[in-house]
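Just so you know, this note's numbering puts 71 at position 63 of the sequence shown, and the rest follows in order with no gaps. Right, one structure below, let's go through it.
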Amino acid sequence: MILALTRPPHRTVAPLLLSALFGLTAVPVLAADPSEFSRAEKLVFVEHQLANVKAPASLRYTYVRSGSLEPGFEDEVRIDVKLKGKVCCTVQGSFLTGERRMALPEIEEAQANPVILYFLERDIREMERVTKGKSGYFRKRIRMTMVDEAKVRDTKVSYEGREVDAQEVSLTPYETDPLRARFETYAQKRYTFVLASTVPGGVYQVRTAVPGALPSDAPVLEEVMTLAGPMPGNKQPSKK
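Set out below in structure tokens:
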């Protein structure tokens, strides 16, 4: 099941989050009151990140895993954005390749870029594999800290040789976890989302890092997914 980052039942849920809850199948579009979401949630899960992608198009992301906890690797992620009839946009994801590839269903009428949900879903599956914990618990921790503890700051990123404005959302879901002792290896794990409305698909980078014992130490485990750009032949216009 793809990451269910829904709000508590008394709150209205954004369409893509409902799609996530029901396995990324098509669901009716529901109105959501923007005031009911934290700034972090709006940036990461609600905003129309695909607005600057002209379908059909394909976006490519590099994926790098490094650190001493487990063997590293380099791979890629691809997001195909297409029209279905006159409706935009249907999205099909290809997350990693070969034996690491994660099967993903299509998302219809997508607005937020689902590459973030894909990244988090794989992250949670890996946490479940390593710790033997429950995926639902990890989802809950991410959801709760996104609402109440996430930090948002303005930043700059370099894309296609130019500096663009971006927003960085960061959180440490397990640092204040009441069950922290069960997952101590990941207690300081930090999630960072870098969003920029002027890059294709709105998502510049997603990364997680488990820090070393000392501030000067390299991360014990780091996974970084970064926008490489449109696939050849799918050059997308970008805002200056």
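Glycine is no exception: its CB is placed at the ideal position from the N, C-alpha and C atoms. None of these values were measured; they are calculated from a predicted model.
In this chain, R137 is not harboured by any beta strand (DSSP E); it is covered by the alpha helix (DSSP H) spanning V123 to T139.
For Y69, same chain residues with a beta-carbon under 7 Å away, outside a window of 5 residues either side, are E84, V85, V123, M233, T234, L235 and A236 in chain order. If you draw a straight line from the Cα of L229 to the Cα of G93, it is about 43 Å long.
Straight-line spacing of the CA atoms in P208 and P113 works out to 22 Å. Counting C-beta atoms within 10 angstroms of its own C-beta, A221 has fewer than 16 neighbours from the protein chains shown and is therefore classed as exposed. Residues T139 and G141 of the same chain have their beta carbon placed closer than 8 Å to that of R190, with the five preceding and five following residues left out of the count.
Nearest to F201 by alpha-carbon distance, out of V61, L51, D88 and E55, is L51.
Within the same chain, and ignoring the five residues on either side of R130 in sequence, the residues whose Cβ sits closer than 8 Å to its Cβ are F103, L104 and M110. Per the coordinates, the alpha-carbon of I150 lies some 27 Å from the alpha-carbon of V89. In the structure shown, S66 falls within a strand segment according to DSSP collapsed to helix, strand and coil. Residue state for D185 is assigned as coil, using DSSP reduced to three classes.
DSSP, reduced to helix, strand and coil, places Q100 within a strand of the structure shown. By the 16-neighbour rule on beta-carbons within 10 angstroms, V95 is exposed.
The closest CA to that of V172, considering only G106, G101 and V211, is found on V211. The C-beta of S76 has fewer than 16 other C-beta atoms within 10 Å across all chains shown, which makes the residue exposed.
Linking P238 to P186 through their CA atoms gives a straight-line distance of about 42 Å. Residue pairing for I87: DSSP places it in a beta bridge opposite L67 and G101. Under the 10 Å beta carbon count, A120 is surrounded by 16 or more other beta carbons and is classified as buried. DSSP, read as helix, strand or coil, puts F146 in helix. Beta-bridge partners assigned by DSSP to S178: K159 and T200. F45 sits buried, since 16 or more C-beta atoms from the chains shown fall within 10 Å of its C-beta. When DSSP states are grouped into helix, strand and coil, M239 belongs to the coil group.
By alpha-carbon distance to P219, the top candidate from K197, S205 and I132 is K197.
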